[in-house]
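Participant: The structure is given below, and queries will be raised subsequently.
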Amino acid sequence: MTLATAGRWGYALVAIAAWLGVVLTLVITAIDGYSREAVARPGMFGGAPFGWAGFGQRMIECLSYFTEWSNILVAIVATLIALQGSEIGSWGRALHLCALMMITVTAIVYHFLIRPTEVLSGWSVLTNPLQHVVVPLLMIVVALACGPRGGVSGGVVLKALLIPIAWIIYTLVRGAFVHQYPYDFVNVTVLGYQQVCVNIVAILCGALVFLGAIVGIDWIAGKALSPRS
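With the first letter of the sequence shown counted as 1, position 47 gets the number 46 in numbering that gives the first Met the number 0; the numbers rise by one all the way through.
Written out as structure tokens, the structure reads:
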């Protein structure tokens, strides 16, 4: 089995896991299957009417989480690579880099900022680890082991930042109208804009460090795989 073939099978596994997590989360959200906190926290998502009356609000909130954005992007990118291989062009390379960065941020933020105070129950015992641990781990391992390699330029890195920046803008603009936010660290209602901006800048700096590391790994791998003169 060639590396290219192994890589496509690896990304097929990533795609299956990512789509499974996304579909399960959306279906369980749609039928109001997740358990709720006894008391809604100020400025946080929640409070949708029970049953079908709250369907619209629940689905919008579900699709507003960075976790869902990152898992959906991973699912799409992994599916494309599994189907057509690693020849995905500059925009495809940027989307792959973006997906890898976003799912890594999802895992790190969940592990350090959310998991320590989170109590899982019901269906979240299944879907939370799947989307925050399993999919990130699979994506990182497959990407590091199988590529794609090369094609990482300054323009590609800038393109890779577009979706995370779009999420930040969407979250803050929507939050200004509905006064609800997906995570504590972007909860303007409680923290105020100054602290939220500090938190966002810190996470973006971490993302840039990650992108720099990926570019470095890509360069080293390219040197190692290039024919010696």
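Ideal placement from N, C-alpha and C gives every residue a C-beta, glycine not left out.
For Tyr10, which three-state DSSP category applies?
Facilitator: Tyr10 falls in the helix class under three-state DSSP.
Participant: What residues match up with Tyr180 in a beta bridge as DSSP calls it?
Facilitator: Answer is Met43.
Participant: When you compare the CB positions of Met58 and Asn186, do they come within less than 9 Å of one another, or not?
Facilitator: It is not a contact, given that the beta carbons lie outside the stated cut-off.
Participant: Roughly how many angstroms lie between the CA atoms of Thr105 and Gly55, to the nearest whole one?
Facilitator: Distance between the alpha carbons of Thr105 and Gly55 is about 25 Å.
Participant: Looking at the structure shown, is Asn198 part of a helix, part of a strand, or coil, going by DSSP?
Facilitator: Of the three classes helix, strand and coil, the one that applies to Asn198 here is helix, per DSSP.
Participant: Let me confirm a value: Thr103 is counted as buried when at least 16 other C-beta atoms fall within 10 Å, else exposed. Which label applies?
Facilitator: Flag for Thr103 reads buried.
Participant: Taking all protein chains shown into account, do 16 or more other C-beta atoms lie within 10 angstroms of the C-beta of Thr28, making it buried, or fewer, making it exposed?
Facilitator: So Thr28 counts as buried.
Participant: Taking the straight line between their C-alpha atoms, what separation do you get for Thr24 and Phe176?
Facilitator: Roughly 25 Å between the two C-alpha positions.
Participant: Is Gly174 helix, strand or coil by DSSP?
Facilitator: Helix.
Participant: Alpha carbons only, please: which of Ser123, Ala14, Val134, Gly50 is nearest the one belonging to Val76?
Facilitator: Nearest option by C-alpha distance: Ala14.
Participant: Should Trp90 and Lys158 be called a contact, given that it needs their Cβ atoms to be closer than 9 Å?
Facilitator: In contact: Trp90 and Lys158 (Cβ atoms closer than 9 Å).
Participant: Could you tell me which whole beta strand (DSSP E) segments of length 3 or greater appear in the stretch 68–119?
Facilitator: None, since the stretch 68–119 contains no complete beta strand (DSSP E) of that length.
Participant: Is Phe65 near the ligand NAD, with its Cβ less than 8 Å from a heavy atom?
Facilitator: You won't find the ligand NAD in this model; it holds no ligand whatsoever.
Participant: Compare the C-alpha of Pro181 against each of Gly191, Thr170, Val189 and name the closest.
Facilitator: That would be Thr170, whose Cα lies nearest to the Cα of Pro181.
Participant: Can the beta-carbon of Ile80 be found closer than 9 Å to that of Arg7?
Facilitator: Yes. Within cutoff.
Participant: Let me know if Val134 comes out buried or exposed under the rule of 16 or more other beta-carbons within 10 Å of its beta-carbon.
Facilitator: With 16 or more Cβ atoms within 10 Å of its Cβ, Val134 is classed as buried.
Participant: Which of the three DSSP states is assigned to Glu60 in this structure?
Facilitator: Glu60: helix per DSSP, three-state reduction.
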